[in-house]
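Everything below concerns the one structure shown next.
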Amino acid sequence: MEVIAAQIPSTIPQVEALSAWEFDEQDFDQEFQIMLRLKLPDGSPHFDFCQLLFVKKSRARTSFGIEDIPIRKEGILEFELLLNGNHIASHKVVVLRREDSEGDEKIVKRIDETGESH
Numbered sequence: 218m219e220v221i222a223a224q225i226p227s228t229i230p231q232v233e234a235l236s237a238w239e240f241d242e243q244d245f246d247q248e249f250q251i252m253l254r255l256k257l258p259d260g261s262p263h264f265d266f267c268q269l270l271f272v273k274k275s276r277a278r279t280s281f282g283i284e285d286i287p288i289r290k291e292g293i294l295e296f297e298l299l300l301n302g303n304h305i306a307s308h309k310v311v312v313l314r315r316e317d318s319e320g321d322e323k324i325v326k327r328i329d330e331t332g333e334s335h
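The working numbering puts the last residue of the sequence shown at 335; the count rises by one with no breaks.
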């Protein structure tokens, strides 16, 4: 996935990160820490967003809403998902600056793997 900014520095106005979990019966009635770690392209210290999930059934979902992600340079923006401190998954987004930029300092376009704009 790519995001294209009209200017850098800039911000990504809003991101929603969703995850689906499947648990075994032995996990029922236990609490798990779900963490979304955000690593910025400029190498500055990462941001951690945490939730506690109390497991009552075999399937669960978590959601993290993040606003105004600062983008100070082009590069890789990484979203890492951790369960009780252990790496589970990650998603990398390429941040680019649009060459013919004018005006707004917000991210102007998102392109997914299929090449469709959003």
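For every residue, glycine included, the Cβ atom is placed at its ideal position computed from N, Cα and C. Nothing here was measured: the structure is a model prediction, and the numbers come from that model.
Pairing L299 with F249, the inter-Cα distance amounts to about 10 Å.
Inter-residue distance for S280 and L270 is about 11 Å (C-alpha atoms, whole angstroms). Straight-line spacing of the CA atoms in D285 and I221 works out to 15 Å. For D241, the CB contacts under 8 Å within the same chain, skipping 5 residues up- and downstream, are S275 in chain order. Sixteen is the threshold: since fewer than 16 other Cβ atoms of the shown chains lie within 10 Å of the Cβ of S307, the residue is exposed.
The beta carbon of W238 sits closer than 6 Å to the beta carbons of A277 from its chain, once the five residues preceding and following it are set aside; these are given in chain order.
Its Cα nearest to that of I305, the residue E297 stands out among V312, E297 and F264.
Just so you know, the alpha carbons of K256 and Q224 end up roughly 20 Å apart. The C-alpha of I251 is placed about 24 Å away from the C-alpha of V311.
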